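First up is the structure itself, then whatever we jot down about it.
Number of protein chains: 2
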Amino acid sequence: MAVLGALSVAPMTGYAVREAIRDVLGHFWSESFGQIYPTLAALEERELVRRADRAAPYELTARGEVRLRELLAEPAQRVPPRNGLMLRLFFGRQLGPDACRQLLLDAKAEAEEQLARLAAVRAVVAAEDGPDTPYALITLSAGEHTARAALAWAEESLAALLGSSESDAALSRADRPGAAQSGEES
Amino acid sequence: MAVLGALSVAPMTGYAVREAIRDVLGHFWSESFGQIYPTLAALEERELVRRADRAAPYELTARGEVRLRELLAEPAQRVPPRNGLMLRLFFGRQLGPDACRQLLLDAKAEAEEQLARLAAVRAVVAAEDGPDTPYALITLSAGEHTARAALAWAEESLAALLGSSESDAALSRADRPGAAQSGEES
DNA sequence: CCGGGCATGTAACGCGTTACATGATTCG
DNA sequence: CGAATCATGTAACGCGTTACATGCCCGG
Numbered sequence: 001m002a003v004l005g006a007l008s009v010a011p012m013t014g015y016a017v018r019e020a021i022r023d024v025l026g027h028f029w030s031e032s033f034g035q036i037y038p039t040l041a042a043l044e045e046r047e048l049v050r051r052a053d054r055a056a057p058y059e060l061t062a063r064g065e066v067r068l069r070e071l072l073a074e075p076a077q078r079v080p081p082r083n084g085l086m087l088r089l090f091f092g093r094q095l096g097p098d099a100c101r102q103l104l105l106d107a108k109a110e111a112e113e114q115l116a117r118l119a120a121v122r123a124v125v126a127a128e129d130g131p132d133t134p135y136a137l138i139t140l141s142a143g144e145h146t147a148r149a150a151l152a153w154a155e156e157s158l159a160a161l162l163g164s165s166e167s168d169a170a171l172s173r174a175d176r177p178g179a180a181q182s183g184e185e186s
Numbered sequence: 001m002a003v004l005g006a007l008s009v010a011p012m013t014g015y016a017v018r019e020a021i022r023d024v025l026g027h028f029w030s031e032s033f034g035q036i037y038p039t040l041a042a043l044e045e046r047e048l049v050r051r052a053d054r055a056a057p058y059e060l061t062a063r064g065e066v067r068l069r070e071l072l073a074e075p076a077q078r079v080p081p082r083n084g085l086m087l088r089l090f091f092g093r094q095l096g097p098d099a100c101r102q103l104l105l106d107a108k109a110e111a112e113e114q115l116a117r118l119a120a121v122r123a124v125v126a127a128e129d130g131p132d133t134p135y136a137l138i139t140l141s142a143g144e145h146t147a148r149a150a151l152a153w154a155e156e157s158l159a160a161l162l163g164s165s166e167s168d169a170a171l172s173r174a175d176r177p178g179a180a181q182s183g184e185e186s
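Chains as they are written, first to last, in the UniProt record's numbering: chain B, 1 to 186; chain A, 1 to 186.
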């Protein structure tokens, strides 16, 4: 779907498809390098893409356009979530408050970098003003909302982690003198 | 890491590990069913988990605890993004504004459901108040921030999509009378 | 003329999912 | 006693990533 979509914008070589996916769709999609050419070969065999002659860029056929619209209309299957950062924070007691704070600082920095990248992309996209621009802005906005949410979350969580533990060990020890049971038996 | 982490909370059967991952870590982690038992077998062979006897629940060994902390301390490798919704919206012109609006409505509804689910989880977690509670709240908060961001984005994008096109075809046609070039050649 | 980017592949390997298979226990 | 749930596995298959391999072309 991504390859057909890239070729729907303009004919291009496989190499350019890869760069387009990385540079344009990069903030929400990725294709591994060794995936592009087998995909293009399969698409060519099914006559969804064509090369005018050998060494010409790939271009979409009429059937390819139809197929792209079919694929886009299919419901997006949700991918099972796998967030390593959250897993580490959830078991943060094993890791210690210091390491958790570092994870949150890293996440915050990454969100800020992402916002900067997206701002740069936005400047480029906003200057184009083609028929695809509104849609590009929608996906861009999603990235920005997500990054801002991550930023706010990281700051809020850093504050929470500092506030509830003055020393590093406070979270590891029981801070309720009268309570000896730890939640281990639930 | 997820399996060791689950067992670090309490000894349990493989079946219970699966349910714990689904129910407790579900909003940021998942393990396929057929993954649990091979993993437990491998962990048992490496003496990171043990069963008191056959048909007893698995429990973490001392080495298993050490290994868990090692794994948690490893840097989280980022997964290449693959967001099917964004891909569809990016090529939204092929799909048509109506279908895009439906995608956004679905995304909005899903974000609202997610917020409701997380609110229910929050009620349970907040009532516990164990040593792991602050960390559980951090991951929970991340889910809430993300869901609220998705909700706001969907509403904002729906408004943008309605505002810029009074009829369904407006986005497909050129709305700038004097401009014939389309961005296809970039 | 030589190094780096353009361009096109391939092959191995691993991981994870899906589906299948089986028995025990519990509850109505 | 039958159905549903608990519980433990296995095997096939596919997908995708990583790494490797090769040649062209252009600019310094």
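Ideal Cβ placement from N, Cα and C applies to all residues, glycine included. From a predicted model like this one, the values you see are computed outputs, not experimental measurements.
Contact under 8 Å by Cβ, residue i with residue j
{"i": "S141/B", "j": "E156/A", "result": "yes"}
{"i": "L103/A", "j": "R88/A", "result": "yes"}
{"i": "L68/B", "j": "Q94/A", "result": "yes"}
{"i": "A154/A", "j": "K108/A", "result": "yes"}
{"i": "L40/A", "j": "S8/A", "result": "no"}
{"i": "H145/A", "j": "A152/B", "result": "yes"}
{"i": "G14/A", "j": "L43/A", "result": "no"}
{"i": "L158/B", "j": "R101/B", "result": "yes"}
Where residue i falls, given that 16 or more other Cβ within 10 Å makes a residue buried
{"i": "A147/B", "result": "buried"}
{"i": "R82/B", "result": "exposed"}
{"i": "P177/A", "result": "Confidence at P177/A is low in this model, with a pLDDT of 44, below 50, so its placement is unreliable and the value that follows should be read with caution. Looking at its Cβ environment, which holds fewer than 16 other Cβ atoms inside 10 Å, P177/A is exposed."}
{"i": "P80/A", "result": "exposed"}
{"i": "P134/A", "result": "buried"}
{"i": "E70/A", "result": "exposed"}
{"i": "G163/A", "result": "exposed"}
{"i": "A126/B", "result": "exposed"}
{"i": "S186/A", "result": "Because S186/A sits at a pLDDT of 31, beneath the cut-off of 50, its placement in the model cannot be relied upon, and the following sentence gives the value as read from the coordinates. It counts as exposed."}
{"i": "D168/A", "result": "Per-residue confidence for D168/A stands at a pLDDT of 49, beneath the threshold of 50, marking its modelled position as unreliable; no derived number is given."}
{"i": "L48/B", "result": "buried"}
{"i": "A136/B", "result": "buried"}
{"i": "residue 188/A", "result": "For chain A, the structure presents residues 1 to 186; residue 188/A sits outside this window and is missing."}
{"i": "V121/A", "result": "buried"}
{"i": "D129/B", "result": "exposed"}
{"i": "A20/A", "result": "buried"}
{"i": "D98/A", "result": "exposed"}
{"i": "F90/A", "result": "buried"}
{"i": "D132/A", "result": "buried"}
Unbroken beta strand (DSSP E) run spanning residue i, endpoints
{"i": "R148/B", "result": "It is not in any beta strand (DSSP E) - R148/B instead sits in the alpha helix (DSSP H) that spans 133 to 163."}
Supposed contact pair residue j and residue i - C-beta distance, whole angstroms, cut 8 Å
{"i": "A76/A", "j": "G84/B", "result": "3 Å"}
{"i": "A160/B", "j": "I138/A", "result": "7 Å"}
{"i": "M12/A", "j": "Y58/A", "result": "7 Å"}
{"i": "residue 199/B", "j": "V3/B", "result": "The structure shown does not extend to residue 199/B, since chain B is modelled only from 1 through 186, so no value can be given for it."}
Bounding residues of the alpha helix (DSSP H) (the contiguous stretch that carries residue i)
{"i": "E31/B", "result": "It is not in any alpha helix (DSSP H) - E31/B carries neither H nor E in the DSSP assignment."}
{"i": "L104/B", "result": "97 to 128"}
{"i": "F90/A", "result": "84 to 90"}
Cross-strand partners of residue i (DSSP beta bridge)
{"i": "residue 197/B", "result": "Because chain B spans 1 through 186 in this model, residue 197/B falls outside it and cannot be assessed."}
{"i": "M12/A", "result": "Y58/A"}
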